[in-house]
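J.: Per the numbering used here, the sequence shown starts with residue 44, numbered consecutively. Have a look at the structure that comes next, please.
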Amino acid sequence: MSDFAIVAVRGPLDESVHHVSAAVVTTDGALIAHAGDPELVTYWRSASKPFQLAPLVEDGGIERFGLDQEMLALACGSHNAESEHRVVGARWLEAVGLTEDQLSCGGHPSLWPEQAERMIREGVAPTPLWSNCSGKHAGLLALARLHDWPTDGYEATGHPVQDRVAQSIARYAGVPVEQQVWGVDGCTAAAVALPLVAMARGYAALGAGETPALAVLRDAMTAWPMMVAGSERLDTILMSAWPGRVVAKIGAEGVFSAALPTLGIGLSLKVHDGDMRCAGYALVALLEAVVARLDPAGDWPLDELARWRSPKIRNTRGVVTGSWQPRLTLRFA
44 MSDFAIVAVR GPLDESVHHV SAAVVTTDGA LIAHAGDPEL VTYWRSASKP
94 FQLAPLVEDG GIERFGLDQE MLALACGSHN AESEHRVVGA RWLEAVGLTE
144 DQLSCGGHPS LWPEQAERMI REGVAPTPLW SNCSGKHAGL LALARLHDWP
194 TDGYEATGHP VQDRVAQSIA RYAGVPVEQQ VWGVDGCTAA AVALPLVAMA
244 RGYAALGAGE TPALAVLRDA MTAWPMMVAG SERLDTILMS AWPGRVVAKI
294 GAEGVFSAAL PTLGIGLSLK VHDGDMRCAG YALVALLEAV VARLDPAGDW
344 PLDELARWRS PKIRNTRGVV TGSWQPRLTL RFA
């Protein structure tokens, strides 16, 4: 077995094993801890959103469009399409002078089961503002408007918006544009693939507020954690429980990235088979291992994360039949 896995244990047997790789990096770019393959190249998915939004902040978008922290946090997030998310998304459209049909993300049911069930009961057909990526798309369109670039095709590689995003990722993650690998995300926007160590480097920069733009986005995410995800979501719960001490963002297919600003580190992980159940379990295990080593005397409210620590597996009658177990050997330099 690898040195990092999330294991479903049922009775006396390991029923399924989900392997994980992770990298932990300091603000100067040094890899100080890892599990699995820290050089694993994978898509960053929605964990890259702060760096997709950074060009808008750098180029004066806040001042031009009157953007506030709540709006910026939504654009960095993957939201549940709860009412407050849709309200802030509509504010984005009004501020930039957009219509909803200009968002290329399309609509989908809420990521939060309770909200998705409510949509079915009420016969709601999701529109683009219901997309978890609507804030990001509004931010990308705002960048196009800011520079008087065409809004058509803003989501695709080759558009000036995406050229600026690629430059941002090169600046903060340390991977030159010509070495970046690009695909298409689930929301239709261009998606970059990087080594985990580069993703962690980016989050170390975000946590440190390496530039004024990153400091603005970090502060927005930590001030408005509900906008980053929503009810019952680990990103929101973690940043609410550890205010100002963590910046966290999930990505699809088992990606999670985070920064611990007070410790000067960033980290990123990938569940190899993309199991989204395991991404949160893996992040909590990794965070607990990191703070135990780097800040053992620190007052980290770990009890707030109990539901992601070895959660029980139950059958259809609610009887406990097993548990999820993190198995981690974190290798420090």
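Ideal placement from N, C-alpha and C gives every residue a C-beta, glycine not left out. Computed from a predicted structure; not experimentally measured.
Provide the residue span of the beta strand (DSSP E) that contains W367, from first to last.
T.: Element bounds for W367: 363-371.
J.: Could you check what DSSP says for E106 in three-state terms: helix, strand or coil?
T.: If DSSP states are grouped into helix, strand and coil, E106 belongs with the helices.
J.: Judging by CA-CA distance, which residue of V289, H315, A322 is the nearest neighbour of G309?
T.: Nearest of V289, H315, A322 to G309, Cα basis: V289.
J.: Pick out whichever of E82, V100, G323, T359 has its Cα sitting closest to the Cα of G294.
T.: Closest by alpha carbon: G323.
J.: Excluding sequence positions up to five away, which residues of its chain have a Cβ less than 7 Å from the Cβ of G245?
T.: Here the set comprises F94, Y215, A216, G309.
J.: What does D57 pair with, by DSSP beta-bridge criteria?
T.: Paired residues: V52.
J.: Please report the Cβ distance between H315 and S64, rounded to the nearest whole angstrom; I am assuming they are in contact, meaning their Cβ atoms lie under 8 Å.
T.: Yes, they are in contact, since the Cβ atoms of H315 and S64 sit about 7 Å apart, within 8 Å.
J.: Take L373 and list the residues in its own chain whose beta-carbon comes closer than 6 Å to its own, dropping the five residues that flank it on each side.
T.: If we look at L373 and ignore the five residues flanking it on each side, its Cβ neighbours are A76, A78, A332.
J.: Within 8 Å, do at least three Cβ pairs link the segment 333-353 to the segment 87-101?
T.: Result no; under three Cβ-Cβ pairs closer than 8 Å.
J.: Give every residue of the same chain whose Cβ lies closer than 8 Å to the Cβ of Q223, excluding the five residues on either side of it in the sequence, and list them in chain order.
T.: Counting only Cβ-Cβ distances below 8 Å, and skipping sequence neighbours, we find A209, I212, A213, V235, A236, L237.
J.: Are there 16 or more other CB atoms within 10 angstroms of the CB of I280, so buried, or fewer, so exposed?
T.: Result: buried.
J.: Considering only the beta carbon of each residue, do L260 and L117 sit closer than 9 Å?
T.: Not a contact, by the Cβ cut-off of 9 Å.
J.: The alpha helix (DSSP H) that contains H180, what's its start and end?
T.: Unbroken alpha helix (DSSP H) run through H180: 177-189.
J.: If you run the structure through DSSP and keep just helix, strand and coil, what is P238?
T.: Residue state, collapsed to three classes: strand.
J.: On a Cα-Cα basis, can you pick out the residue from A301, A284, A241 that is closest to A389?
T.: For residue 389 there is no data in the structure shown, the boundaries of the chain being 44 and 376.
J.: Compute the Euclidean distance between the alpha carbons of W173 and D195, then round it to the nearest angstrom.
T.: Each residue's Cα considered, the two are about 21 Å apart.
J.: Name the one or two DSSP bridge partners that A291 has.
T.: Per DSSP, A301.
J.: Are the beta-carbon atoms belonging to A325 and F108 less than 9 Å from one another?
T.: In this structure, F108 does not lie closer than 9 Å to A325 by Cβ.
J.: Count the other CB atoms, across all protein chains shown, that sit within 10 Å of the CB of R207; report buried if there are 16 or more and exposed otherwise.
T.: It is buried - the Cβ of R207 has at least 16 other Cβ atoms within 10 Å.
J.: Go through its chain and collect everything with a Cβ distance to A159's Cβ below 6 Å, but skip five positions before and after it.
T.: P152, S153.
J.: Give the straight-line distance between the Cα atoms of L312 and V50, rounded to the nearest whole angstrom.
T.: Each residue's alpha carbon lies about 16 Å from the other.
J.: Where do the ends of the beta strand (DSSP E) carrying T70 lie?
T.: Note, T70: premise wrong, no beta strand (DSSP E); not H, not E.
J.: Go to V84, then tell me how far its alpha helix (DSSP H) extends in each direction, as first and last residue.
T.: Premise fails: V84 lies in the beta strand (DSSP E), 84-86, not in any alpha helix (DSSP H).
J.: Use the C-beta contact count for F375: other C-beta atoms within 10 angstroms, 16 or more gives buried, fewer gives exposed.
T.: F375 should be labelled exposed.
J.: Do you know offhand how far G72's Cα is from E137's?
T.: Whole-angstrom Cα-Cα distance: 39 Å.
J.: Report yes if the CB atom of P81 is closer than 9 Å to the CB atom of L239, and no otherwise.
T.: Yes. Within cutoff.
J.: Roughly how many angstroms separate the alpha carbons of G54 and W225, rounded to a whole number?
T.: Going from the Cα of G54 to the Cα of W225 covers about 43 Å.
J.: Skipping 5 residues on each side, what residues in its chain have a beta carbon closer than 7 Å to that of S251?
T.: Checking the sequence, you will find Ala at residue 251 rather than Ser. The residues are T70, P304, G307.
J.: If I measure Cβ to Cβ from M319 and keep anything under 7 Å in the same chain, skipping five residues before and after, which residues do I get?
T.: Hits under 7 Å: G297.
J.: Decide if N175 is buried, meaning its Cβ has at least 16 other Cβ atoms within 10 Å, or exposed.
T.: Per the 10 Å Cβ criterion, buried.
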